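Numbering (the numbering used here), first residue to last: 401 to 597.
Note that CB positions come from ideal geometry on N, CA and C, so glycine has one too.
This structure is a prediction, so every number in the text was calculated from the model and none was measured.
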Ligand SMILES: Cc1cc2nc3c(=O)[nH]c(=O)nc-3n(C[C@H](O)[C@H](O)[C@H](O)COP(=O)(O)OP(=O)(O)OC[C@H]3O[C@@H](n4cnc5c(N)ncnc54)[C@H](O)[C@@H]3O)c2cc1C
């Protein structure tokens, strides 16, 4: 892994591919997978005069700064009561649950968005589900049943679990969500075996 590096160019010559980094290092590769992230499409919201700050800012009822306009999904910047911070989530569960709630509130309900979204992916014979904040700068506790193939990774700040990665560990999203919401003090000892399938 190369940290604090950028990709300057990808060159193919004589059937061989080389990635050239920002600092000039040349790396011969078999293939390139580009993970570029996204930028929320907020142009229309800006034109409409809505408050935009890393996405369209919504309140707990998913109303934008114009209370007759709602936003949900990847583009919405909402307050997570569980994590005590504003965030924008680019995942399906958040888009589904938030979109349904925005629709209900537009039709007259007054629900508050308190859902802690999870996300998932499958990578060949490996798969994961994850809840909360998975940030490599947090304290990390690994609890493997089988190293790098099956286990649970906890992300902590000041002893509180902020995120849980369920690596090939299934049916435990609710347990992980409850653990984050508990905001209890934890350590490697208390987390060992805490969640498993
Ligand atoms: C390649 C890929 C893989 C993914 N894999 C996963 C995964 O494994 N797990 C997971 O949880 N999530 C995954 N996601 C993320 C997930 O697909 C998104 O979080 C989800 O689709 C977001 O839904 P949304 O309704 O908020 O936005 P979108 O699905 O992006 O829908 C927004 C819609 O608004 C339309 N639109 C935008 N601007 C305007 C405008 N001005 N006027 C009219 N229409 C407009 C767009 O065309 C689009 O149809 C993946 C996404 C991608 C791209």
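Annotation for residue 447: the continuous alpha helix (DSSP H) segment containing it runs 443 to 447. For residue 497, the enclosing alpha helix (DSSP H) covers residues 492 to 506. Of the residues 463, 442, 553 and 544, the one whose Cα lies closest to the Cα of residue 454 is 442. The alpha-carbon of residue 529 is positioned some 33 Å away from that of residue 409. Cβ-Cβ distances below 7 Å link residue 504 to 511 in the same chain, with the five nearest sequence neighbours on each side left out; the list follows chain order. In this structure, residue 552 sits away from residue 558, with a CB-CB distance that is not shorter than 7 Å.
Residue 488 sits in coil when the DSSP states are folded into three classes, being neither helix nor strand. Residue 534 sits away from residue 561, with the two beta carbons spaced by 7 Å or more. Contiguous beta strand (DSSP E) elements confined to the segment 504 to 546 occur at 518 to 523, 526 to 532 and 539 to 546, taking only those with 3 or more residues.
Under DSSP, the beta-bridge partners assigned to residue 551 are 544 and 567.
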